[in-house]
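Structure first, commentary second.
2 protein chains.
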Amino acid sequence: MGAAALIGIDWGTTSFRAALMDGTGAILDRIASKDGLLGVGNRDFEGVLERAVAGWDAGRSLPVVASGMVTSRTGWVETPYLPCPAGPVELAAALARIDTSGGRRIAFVTGMSFRHGDGAPDVMRGEETQIAGLGLAGERLAVMPGTHSKWVHVTGGRIAGFRTAMTGDVFAAVRGHTVLKLTTAESTGSPEAFAAGVRTGAADGGAGLLGKLFRQRAGSLLGDFPAAETAERLSGLLIGAEIAEARSFAPDVGGPVLIVGGEDLAARYRAAFDALGMASEVAAPDAAFAGQFRIAKVAGLV
Amino acid sequence: MGAAALIGIDWGTTSFRAALMDGTGAILDRIASKDGLLGVGNRDFEGVLERAVAGWDAGRSLPVVASGMVTSRTGWVETPYLPCPAGPVELAAALARIDTSGGRRIAFVTGMSFRHGDGAPDVMRGEETQIAGLGLAGERLAVMPGTHSKWVHVTGGRIAGFRTAMTGDVFAAVRGHTVLKLTTAESTGSPEAFAAGVRTGAADGGAGLLGKLFRQRAGSLLGDFPAAETAERLSGLLIGAEIAEARSFAPDVGGPVLIVGGEDLAARYRAAFDALGMASEVAAPDAAFAGQFRIAKVAGLV
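The listed protein sequences correspond, in order, to chains A and B.
The end of the first sequence is residue 340 by the numbering used here, with every number in the run present.
The end of the second sequence is residue 340 by the numbering used here, with every number in the run present.
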């Protein structure tokens, strides 16, 4: 391992992750905490950051690259969205650089926007950095599952376009705040129930969702399946609908869909693709830090 | 007006409505309160009912017909679902009759179930009585908007099949418990925003809903529309999706869609149909009491 050369910060709404990297991008040490943006009092982002990395760089000599919701309206520095297509070169050129009152150099990676063919808008903050970290060659379709799942069309290392599905957000809201809360409180894990939900959700190109949702209630009332399976069925239903919706996005991209995400969610999406007979593979972890390093390198920060 | 001959009770989860009717079904008096099923303590349904109607019939001599969620698991008397097709004759034959401890005769109208062509289940409780009250001739498609909107295919006065969409339930959950809550807190009424939402929701046969939902966030972030319009756009989006989904249900039924519901919601659905260039008309109110009277008459209770 070489000497410390860069600090990467992946700062989201509810989480804070940091990595100390050497001049090759190898990770020397890492930190993860619950110090998400929402929990930062009095907008003291600098204080939270410096306390977190004091053990690495009390002298504040290392450059910092930060990405994620930290550049949103509720973050530290709001930056405009960079339109597609864009990759590490454009992201490096668009870095928002500040010197903190304490003398720390920080470069913020901005988010990206996309206009679909019909003019419909889409935005991301953070995922563009992960995609940069994957170092993808050729043409590829990646899914980044989560609260707001991103489907990203990558060509020649740059993001050509992307599509967001509000899957995780809708799952939590429907599970917790509709009639389905009556049957999702207790949940038994069942791969079969999940797979059945996926197939139902994906049927008819993902159409009919408002009807399919109610049937998760009607089915348990009529004894079609145990009520305790409802949460797994609902999860499958929404992920299946998301996948079917995304088929009309970048339909010509071949090869397995690349799943970029945490272990549990990646496994869930893997199972969903399997249930639909679609090829997929799971990307290596730590893409965010790798992307920050790549962008920092292009920008001459390391 | 004739002498009092029947008491109708439309008892839902959060509301209680009652009507005193004469021997022709004309309404002599009515009551509405917030004494929904959820608020009844110690399962004292009888006590709530008798206090409500004491002014009409302290002697407990009039027959009572009750419909709605009062026959569900969380209601007074749980009754099995009557399968489609069924109408007033079948509903009258399936009445669940009890004599209360206080000597009151009550007949409960049960709910109905339906199996779609692919076996998918659907259920209703209460709407079957409203449909019976409309006295429809020939073939007709009716929509009963609400928390769980029902699309009902009526043939020769009987319900041939129906389809539920979880529209209102999903609207409240998404508006209050997803990222859209950031922009739906303050809402300016805008018929144009609603109509735009309807057209977006109905596009592609209602498919793509998880993506369309996120665009209500992305669009306000990118300045496509004022954030305060988000709630109206969201309402339109979901109602548009519901209408598009329902087009594949009973597609051969001609004529305007009959809207059966309260004034505000009926006007909203009327505007949605207009935005899509679809013919619709609003049904007369009080269908539930009319349905109770019709079923009571078939059953020989009046």
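Using N, Cα and C, we set each Cβ at its ideal position, and we do this for glycine too.
Asked, Found
"Mind reading off the beta-carbon distance from G171 of chain A to A325 of chain A? Whole number of angstroms is fine, and I expect it under 8 Å.", "4 Å"
"For E280 of chain A and T205 of chain A, which I take to be in contact (beta-carbon distance under 8 Å), what is that distance rounded to the nearest angstrom?", "5 Å"
"How close, in whole Å, do the beta carbons of D160 of chain B and R253 of chain A come, if the pair is a contact with beta carbons under 8 Å?", "7 Å"
"Below 9 Å between beta carbons: does that hold for G243 of chain A and E283 of chain B?", "no"
"In whole angstroms, what separates the C-alpha of S105 of chain B from that of Q330 of chain B?", "8 Å"
"Check distances from the C-beta atoms of the region 199 to 210 of chain B to those of chain A and list, in chain order, the residues that come in under 8 Å.", "R201, T202, A203, M204, T205, D207, V208, A210"
"Leaving aside the five residues before and after D60 of chain B along the sequence, list all residues of the same chain whose C-beta is less than 7 Å from its C-beta, in chain order.", "M39, G40, A41, A42, A43, L66"
"Count the other CB atoms within 10 Å of the CB of G315 of chain B; is the residue buried (16 or more) or exposed (fewer)?", "exposed"
"Note down, in chain order, all residues in the region 232 to 264 of chain B with a beta-carbon under 7 Å from any beta-carbon belonging to chain A.", "G243, G244, A245, G246, L247, L248, G249, L251, F252, R253, A256, G257, L259, L260, D262"
"If I'm right that I333 of chain B touches T167 of chain B with Cβ under 8 Å, what's the distance once you round it to whole angstroms?", "7 Å"
"Step through the CB atoms of chain A and report whether any lies within less than 9 Å of the CB of V217 of chain B.", "yes"
"May I ask you to report which of helix, strand or coil DSSP gives G164 of chain A?", "coil"
"Of the choices B:D95, B:P101, B:M107, whose alpha-carbon is the least far from that of G50 of chain B?", "B:M107"
"Kindly indicate which three-state DSSP category L247 of chain B falls into: helix, strand or coil?", "helix"
"Based on DSSP bridge pairs, tell me the residues matched to W49 of chain A.", "A:F54"
"Using 9 Å as the limit for Cβ to Cβ distance, is H186 of chain B near chain A?", "yes"
"Are the beta-carbon atoms of H154 of chain A and G214 of chain A separated by less than 9 Å?", "no"
"Across which residues does DSSP place S151 of chain A in a beta bridge pair?", "A:P121, A:V161"
"For A132 of chain B, count neighbouring Cβ atoms within 10 angstroms of its own Cβ and tell me buried if that reaches 16, exposed if not.", "buried"
"Could you tell me whether the Cβ of G214 of chain B comes closer than 9 Å to any Cβ of chain A?", "yes"
"Establish whether the CB of P159 of chain A and some CB of chain B are separated by less than 9 Å.", "yes"
"Which of the three DSSP states is assigned to M59 of chain B in this structure?", "strand"
"Name the DSSP beta bridge partners of E319 of chain B, please?", "B:L296"
"Going by alpha carbons, who is nearest to L259 of chain A out of B:R143, B:A180, B:P118, B:A265?", "B:P118"
"Please confirm if E283 of chain A has its CB atom under 9 Å from at least one CB of chain B.", "yes"
"Closer than 7 Å, Cβ to Cβ, to anything on chain A: give me those residues from the region 279 to 310 of chain B, in chain order.", "A279, E280, E283"
"Is the shortest distance between the beta-carbon of S151 of chain B and the beta-carbons of chain A less than 9 Å?", "yes"
"Are the beta-carbon atoms of A321 of chain B and P183 of chain B separated by less than 9 Å?", "no"
"Buried or exposed: G235 of chain A, going by 16 or more other Cβ atoms within 10 Å of its Cβ?", "buried"
"Measure the alpha-carbon distance for E319 of chain A versus V298 of chain A and round it to whole angstroms.", "9 Å"
"Run the CB neighbour count on G97 of chain A, radius 10 Å, all protein chains shown included, and call it buried at 16 or more, exposed below.", "exposed"
"In terms of residues, what are the limits of the beta strand (DSSP E) holding G199 of chain A?", "196 to 203"
"Which bits of chain B does L272 of chain A rub up against, with CB to CB less than 8 Å?", "What L272 of chain A touches in chain B: nothing, since even the nearest Cβ is about 11 Å away."
"Got a sec, what are the start and stop residues for the alpha helix (DSSP H) T342 of chain A sits in?", "The question about residue 342 of chain A has no answer here: the residues shown for chain A are numbered 39 through 340."
"Quick one: does L314 of chain B have its CB under 9 Å from some CB of chain A?", "no"
"Would L276 of chain B count as contacting chain A if we go by Cβ distances under 9 Å?", "yes"
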